[in-house]
Amino acid sequence: MNIFRLTGDLSHLAAIIILLLKIWKSRSCAGISGKSQILFALVFTTRYLDLFTSFISLYNTCMKLIYIGCAYATVYLIYAKFRATYDGNHDSFRVEFLVVPVGGLSVLINHDFSPLEILWTFSIYLESVAILPQLFMISKTGEAETITTHYLFCLGLYRALYLFNWIWRFYFEGFFDMIAIVAGVVQTVLYCDFFYLYVTKVLKGKKLSLPA
Amino acid sequence: EEEGKLKDEL
């Protein structure tokens with residue numbers, strides 16, 4: 245465990261909690277892509293199946309359970325409890341265009357051709373693009389609530405911090421994971437445009453709105 | 090340098 249890894253995990257946790265609290269406190273999921281949240285629930289489910297097969301640490305087990313629990317709680321709030329506030333018309337990204345190619349790629353390029361390993365690989369590839377329905381929704385409506393931008397910033401920061409963690413681990417442990425690195429770079433790059441808007445607009449107190 | 094899955098990561 246190094247500082248980049250720990251702050252990455254905490255940033256990820258902060259993102260998940262910010263989103264849950266935003267929906268819970270405002271009693272509304274307006275502006276949030278339910279499709280992205282379903283994809284994240286699928287990501288955690290397929291990645292953390294090793295909860296049943298191996299124990300790594302108490303930290304590892306607790307964080308996995310929290311991530312999975314929060315992901316499903318978020319999906320429940322969007323599609324059940326606050327369904328009336330869900331903006332389905334603007335959440336029109338076709339997720340099959342992500343899930344099908346990602347599924348194919350995880351069967352073709354993985355560390356080991358076994359069910360658990362393929363599902364883990366699927367989750368890594370899927371996570372890298374799971375935010376696209378959310379970004380698509382913002383580009384469609386042309387704006388995002390400030391709290392939603394804080395959520396996106398923490399979520400993007402998490403994978404960027406993991407990149408530094410992997411550089412650290414390569415130098416000090418001589419170990420690297422090419423699948424995670426390539427997917428992590430793709431994932432971080434997808435946030436770059438948003439990071440720019442976040443720094444130039446939101447941090448200066450302005451609402452994030454895109455030119456028409 | 091060895092390539093493989095970093096199993097302790099989240």
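Protein chains in written order, with my numbering: chain A, 245 to 456; chain B, 90 to 99. Backbone N, C-alpha and C define an ideal beta-carbon position, used for all residues, glycine too. Note that this is a predicted model, so its numbers are computed, not measured.
- The contact set of A424 of chain A on chain B, defined by CB atoms closer than 9 Å, consists of K94, L95, E98 in chain order.
- The DSSP-derived three-state label of L454 of chain A is coil.
- DSSP lists A:F419 as the beta-bridge partner residues of E91 of chain B.
- At the C-beta level, F248 of chain A and F408 of chain A come within 8 Å of one another.
- The count of Cβ pairs closer than 8 Å, one atom from the stretch 376-389 of chain A and one from the stretch 410-429 of chain A, stays below three, leaving the stretches out of contact.
- Pairing A258 of chain A with Y395 of chain A, the inter-Cα distance amounts to about 8 Å.
- Inclusion of S453 of chain A and E387 of chain A in the CB contact set at 8 Å is warranted, their separation being smaller than that value.
- In terms of Cα proximity to L263 of chain A, the closest of A:Q281, A:T251, A:L254 is A:Q281.
- Fewer than three Cβ pairs drawn from the stretch 350-368 of chain A and the stretch 310-320 of chain A lie within less than 8 Å of each other, which leaves the two stretches out of contact.
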